[in-house]
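Here's the structure we're looking at; comments come further down.
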Amino acid sequence: MLVVENLSVEIAGVKVLRSLGFELKAGVRSVLIGRNGAGKTTTLRAIMGLLPREGGKVTLDGREIQDLPSHERARLGIGYAPEDRRLIAGFSIEDNILLPALALDLPAAERKRRLEEVYAFLPQLAQLKDRPGGGVSGGQGKMVALGRALMVADRVLFLDEPFQGLAPALALDYARTLARLRDHRPEIAVLVTESSPKLLDDVADETLLIERGAVSRA
Amino acid sequence: MLQTLIPLFVDALANAALIFFVAVGLTLVFSVLRILNVAHGSLYSIGAYVAASVGLWIVAAGLPAWLTFPALVLSAAFTALLFGPVIERTLIRWTYGKSEAVQVLVTFGLFLILEDLQRMVFGVQSIYADTPMALLGISEIGGIVYLNYQLALIGLAVAVLIGLRLFIRRSRTGKLLAAVVADREVSQAMGIDTNKMFMIAFTLGVLLAALGGAMATPTTGVAPGLGADTMVLAFAVAAIGGLGQVEGAAVASVIVAVAKVLAIYYAPALDAVAPYLVMLAVLLVRPYGLFGAGATRRI
Numbered sequence: 001m002l003v004v005e006n007l008s009v010e011i012a013g014v015k016v017l018r019s020l021g022f023e024l025k026a027g028v029r030s031v032l033i034g035r036n037g038a039g040k041t042t043t044l045r046a047i048m049g050l051l052p053r054e055g056g057k058v059t060l061d062g063r064e065i066q067d068l069p070s071h072e073r074a075r076l077g078i079g080y081a082p083e084d085r086r087l088i089a090g091f092s093i094e095d096n097i098l099l100p101a102l103a104l105d106l107p108a109a110e111r112k113r114r115l116e117e118v119y120a121f122l123p124q125l126a127q128l129k130d131r132p133g134g135g136v137s138g139g140q141g142k143m144v145a146l147g148r149a150l151m152v153a154d155r156v157l158f159l160d161e162p163f164q165g166l167a168p169a170l171a172l173d174y175a176r177t178l179a180r181l182r183d184h185r186p187e188i189a190v191l192v193t194e195s196s197p198k199l200l201d202d203v204a205d206e207t208l209l210i211e212r213g214a215v216s217r218a
Numbered sequence: 001m002l003q004t005l006i007p008l009f010v011d012a013l014a015n016a017a018l019i020f021f022v023a024v025g026l027t028l029v030f031s032v033l034r035i036l037n038v039a040h041g042s043l044y045s046i047g048a049y050v051a052a053s054v055g056l057w058i059v060a061a062g063l064p065a066w067l068t069f070p071a072l073v074l075s076a077a078f079t080a081l082l083f084g085p086v087i088e089r090t091l092i093r094w095t096y097g098k099s100e101a102v103q104v105l106v107t108f109g110l111f112l113i114l115e116d117l118q119r120m121v122f123g124v125q126s127i128y129a130d131t132p133m134a135l136l137g138i139s140e141i142g143g144i145v146y147l148n149y150q151l152a153l154i155g156l157a158v159a160v161l162i163g164l165r166l167f168i169r170r171s172r173t174g175k176l177l178a179a180v181v182a183d184r185e186v187s188q189a190m191g192i193d194t195n196k197m198f199m200i201a202f203t204l205g206v207l208l209a210a211l212g213g214a215m216a217t218p219t220t221g222v223a224p225g226l227g228a229d230t231m232v233l234a235f236a237v238a239a240i241g242g243l244g245q246v247e248g249a250a251v252a253s254v255i256v257a258v259a260k261v262l263a264i265y266y267a268p269a270l271d272a273v274a275p276y277l278v279m280l281a282v283l284l285v286r287p288y289g290l291f292g293a294g295a296t297r298r299i
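Residue numbers (full-length UniProt numbering), protein chains in the order written: chain A, 1 to 218; chain B, 1 to 299.
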């Protein structure tokens, strides 16, 4: 479904990704494992078009998307929960979740349908919906970022280090949520980045290892 | 005492209204694009020149005089649409991601070009077009005489303040702009076309500057140099209020205008420096301005 080939990125003259490649298949949960600084976040940001590339191709269902402006990926059904949540502090939780739908200018009925679907999958978000984006805990924020990404993730879902900084109980809760995602959206391709492989044993169908900017299959 | 103070205060508020239009435009452009547009004041004076020329033309052509009112607002809109998208698409867009020094140099270059352009098109003689002021006349309440046009200016400024707030909080475009201000990269990833938002915000900034200039024409002559004077004042107001703060710009406009009027009345020698003395005092106590929050970075 989503194929990355020869992706190379330099930041300030330093090669961060070296001809990296992998494939995400429909319905398959992949985990990208690597130490801090291995290039996990850079890989996702490069695929999302948030960084200039030195070279490489990204195709979604055979269509090259690497040169599209960043904002067009959401319309293609790619959802992205960045590292460190990045919620809009001045927006309510509900407005944060709705942001991608607003950006794509979806009809009101469709916006509502998707929001209700997200609330059905993550009921705790419905209880937080009127709180300000800056007023939720780290664990709650990760769930909000997941819900926001799910608003558009019809095809692909990228979750960047969702477990980082979570207390063990919350991490377990998040892992269970990801396991439930299999039934909720069986057809989408999911890529989760993580520094320690243990947490994702139950979630991962496929494990990719990233080291010094290059990916190998485990 | 009141007989003196009330007219002074109304005068100050009317001036504050004009300063507010320019300063809020400057601060809006800065918060979305993160660029301090040094040429912002030129767009104020271009708005003024366009409005004055159209006003004089309406009178000379023998058209109904009341048309000079809508002409003020339409002149501002015309200026915004003529200059906003073009300047953003060409010069300003080129400076995104470059250093502040480059951005200041480029917009300063733009300022010089626009100033000369105005001299070429409108000449160097002062233009007076006070029909709207004369039409609205005066009212006398409790023995104090008010210029109705000044009261209208204050009303318009309040309407613009409320309108901007509602636009940012309620409308789709306003919310997307607020998201871009808060987190540009996440906004892109969530599907917001940030380039389009930059163009909208810049054009809205030009509209507000040009509106200030257009609304000022009935009260004063339009002459070369207006743009530079206005720019410096708008910058002081934006700094006092806190860059990027809509309410901050409103409050700071009033403070600066009151300071200026009090200086003119009690210490005329300080007239020109009064706004900057206020700025100095505010920034010493609150370096990010009255409404500004310091750059807090989460780690």
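All residues carry an ideal CB built from backbone N, CA and C; glycine is no exception.
Taking 8 Å as the limit between beta carbons, can you name the residues of its chain near valine 73(B), skipping five residues before and five after?
Within the second sequence, residue 73(B) is the residue found at index 73, counting from 1. So the qualifying residues of the chain are Leu211 and Ala214.
Stretch pair the segment 55-75 of chain B + the segment 242-252 of chain B: three plus CB contacts closer than 8 Å
Using a C-beta cut-off of 8 Å, the segment 55-75 of chain B makes no contact with the segment 242-252 of chain B, since fewer than three inter-stretch Cβ pairs fall below that distance.
Which residue from Leu208(A), Thr42(A) and Ile33(A) puts its Cα closest to that of isoleucine 11(A)?
Within the first sequence, residue 11(A) is the residue found at index 11, counting from 1. When only C-alpha atoms are compared, the closest one is Thr42(A).
List, in chain order, every chain B residue whose beta-carbon is nearer than 8 Å to that of proline 82(A).
For the purposes of this step, residue 82(A) is taken as the residue at position 82 of the first sequence. The contacting residues are Glu185, Val186 and Ala189.
Around the C-beta of proline 64(B), are 16 or more other C-beta atoms found within 10 angstroms, so that it is buried, or is it exposed?
Sequence index remark: in the second sequence, residue 64(B) carries index 64 (1-based). Burial is judged here by how many other beta carbons sit within 10 angstroms of a residue's own beta carbon; proline 64(B) has fewer than 16 and is exposed.
Going by alpha carbons, who is nearest to lysine 198(A) out of Ala189(A), Leu191(A) and Ala175(A)?
The residue you call residue 198(A) lines up with position 198 of the first sequence. Lysine 198(A) has its Cα closest to that of Ala175(A), out of Ala189(A), Leu191(A) and Ala175(A).
Do we get a CB-CB distance below 7 Å when we pair arginine 170(B) with the residues of chain A?
If you number the second sequence from 1, residue 170(B) lands on position 170. Arginine 170(B) does not count as touching chain A.
Beta-carbon proximity check, valine 54(B) vs phenylalanine 202(B), cutoff 7 Å:
Against the second sequence, residue 54(B) aligns to sequence position 54. Against the second sequence, residue 202(B) aligns to sequence position 202. It is not a contact, given that the beta carbons lie outside the stated cut-off.
Rounded straight-line distance, which links the Cα of serine 187(B) to that of leucine 290(B)
Start at 1 with the first residue of the second sequence, and residue 290(B) comes out as number 290. Start at 1 with the first residue of the second sequence, and residue 187(B) comes out as number 187. Going by the C-alpha atoms only, they are around 28 Å apart.
Which residues does DSSP pair with glutamine 55(A) in a beta bridge?
Within the first sequence, the letter at position 55 stands for residue 55(A). Here residue 55(A) turns out to be glycine, not glutamine, going by the sequence shown. Bridge partners of glycine 55(A): Ser8(A).
Residue range of the unbroken alpha helix (DSSP H) whose run includes isoleucine 240(B)
Start at 1 with the first residue of the second sequence, and residue 240(B) comes out as number 240. 226-241 is the span of the alpha helix (DSSP H), which, as asked, contains isoleucine 240(B).
Straight-line CA distance for aspartate 193(B) to glutamate 72(A)?
Counting from 1 along the second sequence, the entry for residue 193(B) is found at position 193. Counting from 1 along the first sequence, the entry for residue 72(A) is found at position 72. Rounded to the nearest angstrom, the two C-alpha atoms are 8 Å apart.
Using a 10 Å radius around the Cβ and a threshold of 16 neighbouring Cβ atoms, would you call threonine 107(B) buried or exposed?
In the second sequence, counting from the first residue as 1, residue 107(B) sits at position 107. The residue in question, threonine 107(B), is buried, as its Cβ has 16 or more Cβ neighbours within 10 Å.
What did DSSP end up calling lysine 15(A) once you bin it into helix, strand or coil?
Mapped onto the first sequence, residue 15(A) falls at position 15. Lysine 15(A): strand per DSSP, three-state reduction.
Taking the CB atoms as reference points, tell me whether glycine 205(B) and glycine 41(B) lie closer together than 7 Å.
By 1-based counting over the second sequence, the position of residue 205(B) is 205. By 1-based counting over the second sequence, the position of residue 41(B) is 41. In this structure, glycine 41(B) does not lie closer than 7 Å to glycine 205(B) by Cβ.
Helix, strand or coil for glutamate 117(A) per DSSP?
Translated into positions along the first sequence, residue 117(A) becomes position 117. Helix, per DSSP.
Beta carbon of alanine 250(B), beta carbon of glutamine 150(B): below 7 Å?
As a first step, residue 250(B) is located in the second sequence; it is residue number 250 there, counting from the start. As a first step, residue 150(B) is located in the second sequence; it is residue number 150 there, counting from the start. Not in contact: alanine 250(B) and glutamine 150(B) (Cβ atoms no closer than 7 Å).
Under 7 Å between the Cβ atoms of alanine 189(A) and methionine 48(A)?
In the first sequence, the residue the question calls residue 189(A) occupies position 189. In the first sequence, the residue the question calls residue 48(A) occupies position 48. Not in contact: alanine 189(A) and methionine 48(A) (Cβ atoms no closer than 7 Å).
Minimum Cβ-Cβ distance from aspartate 193(B) to chain A less than 7 Å
In the second sequence, the residue the question calls residue 193(B) occupies position 193. Yes - at least one Cβ of chain A is within 7 Å of the one on aspartate 193(B).
Is there a Cβ from chain D that is less than 7 Å from the Cβ of alanine 228(B)?
In the structure shown, chain D does not exist; the protein chains are A and B.
Amino acids of chain B, ordered along the chain, whose beta-carbon sits closer than 7 Å to that of serine 70(A):
For the purposes of this step, residue 70(A) is taken as residue 70 along the first sequence, with counting starting at 1. The contacting residues are Gln188 and Ala189.
Contact the segment 161-181 of chain A vs the segment 102-112 of chain A: 3+ CB pairs below 8 Å:
Look at the beta carbons and you see the segment 161-181 of chain A not touching the segment 102-112 of chain A: under three pairs across the two are nearer than 8 Å.
Using a Cβ cut-off of 7 Å (strictly closer), state whether methionine 48(A) contacts chain B.
Here residue 48(A) refers to the residue found at position 48 of the first sequence. Judged by the 7 Å Cβ criterion, methionine 48(A) is in contact with chain B.
On a Cα-Cα basis, can you pick out the residue from Pro7(B), Ala238(B) and Ala77(B) that is closest to tyrosine 288(B)?
Numbered from its first residue, the second sequence carries residue 288(B) at position 288. Measuring from the Cα of tyrosine 288(B), the nearest candidate turns out to be Ala238(B).
Should valine 254(B) go down as buried or exposed, given a rule of 16 or more other Cβ atoms within 10 Å for buried?
Locating residue 254(B) in the second sequence gives position 254, where the first residue counts as 1. Buried, by the Cβ-count rule.
Going by the beta-carbon positions, is the gap between aspartate 160(A) and proline 82(A) smaller than 7 Å?
The residue given as residue 160(A) occupies position 160 in the first sequence. The residue given as residue 82(A) occupies position 82 in the first sequence. Yes, the Cβ-Cβ distance between aspartate 160(A) and proline 82(A) is below 7 Å.
Counting only runs of 3+ residues fully inside the segment 62-127 of chain A, write out the beta strand (DSSP E) ranges in chain order.
The DSSP assignment places complete beta strand (DSSP E) segments of no fewer than 3 residues inside the segment 62-127 of chain A at 78-81, in order along the chain.
For the 8 Å Cβ check, are there 3 or more pairs between the segment 42-52 of chain B and the segment 174-185 of chain B?
no
Can you list the residues of chain A that alanine 182(B) reaches, using a CB-CB cut of under 7 Å?
One-based indexing of the second sequence puts residue 182(B) at position 182. In chain order: Ile88, Ala89 and Gly90.
Amino acids of chain A, ordered along the chain, whose beta-carbon sits closer than 7 Å to that of lysine 98(B):
In the second sequence, residue 98(B) corresponds to position 98, counting from 1. Within 7 Å Cβ-Cβ: nothing; lysine 98(B) doesn't reach chain A, min ~15 Å.
Since arginine 169(B) is in the alpha helix (DSSP H), which residue starts that stretch and which ends it?
The count along the second sequence starts at 1 and reaches residue 169(B) at position 169. Per DSSP, arginine 169(B) belongs to the alpha helix (DSSP H) from 148-170.
Beta-carbon separation of glycine 21(A) and valine 9(A) under 7 Å?
Locating residue 21(A) in the first sequence gives position 21, where the first residue counts as 1. Locating residue 9(A) in the first sequence gives position 9, where the first residue counts as 1. Their beta carbons are not under 7 Å apart, which means glycine 21(A) does not touch valine 9(A) by this criterion.
Check this for me: beta carbons of isoleucine 210(A) and glycine 56(A), under 7 Å apart or not?
The sequence position of residue 210(A) within the first sequence is 210, counting from 1. The sequence position of residue 56(A) within the first sequence is 56, counting from 1. Their beta carbons are not under 7 Å apart, which means isoleucine 210(A) does not touch glycine 56(A) by this criterion.
Under 7 Å between the Cβ atoms of leucine 191(A) and leucine 24(A)?
In the first sequence, residue 191(A) corresponds to position 191, counting from 1. In the first sequence, residue 24(A) corresponds to position 24, counting from 1. Cβ atoms of leucine 191(A) and leucine 24(A): closer than 7 Å.
Terminal residues of the alpha helix (DSSP H) in which glycine 19(B) lies:
Locating residue 19(B) in the second sequence gives position 19, counting from the first residue. According to the sequence displayed, residue 19(B) carries isoleucine and not glycine. 2-33 is the span of the alpha helix (DSSP H), which, as asked, contains isoleucine 19(B).
Contacts that lysine 260(B) makes with chain A (C-beta to C-beta distance below 8 Å)
Position 260 of the second sequence, counting from 1, holds the residue named residue 260(B). Near lysine 260(B) there are no residues of chain A at all, since even the closest Cβ is about 33 Å away, more than 8 Å.
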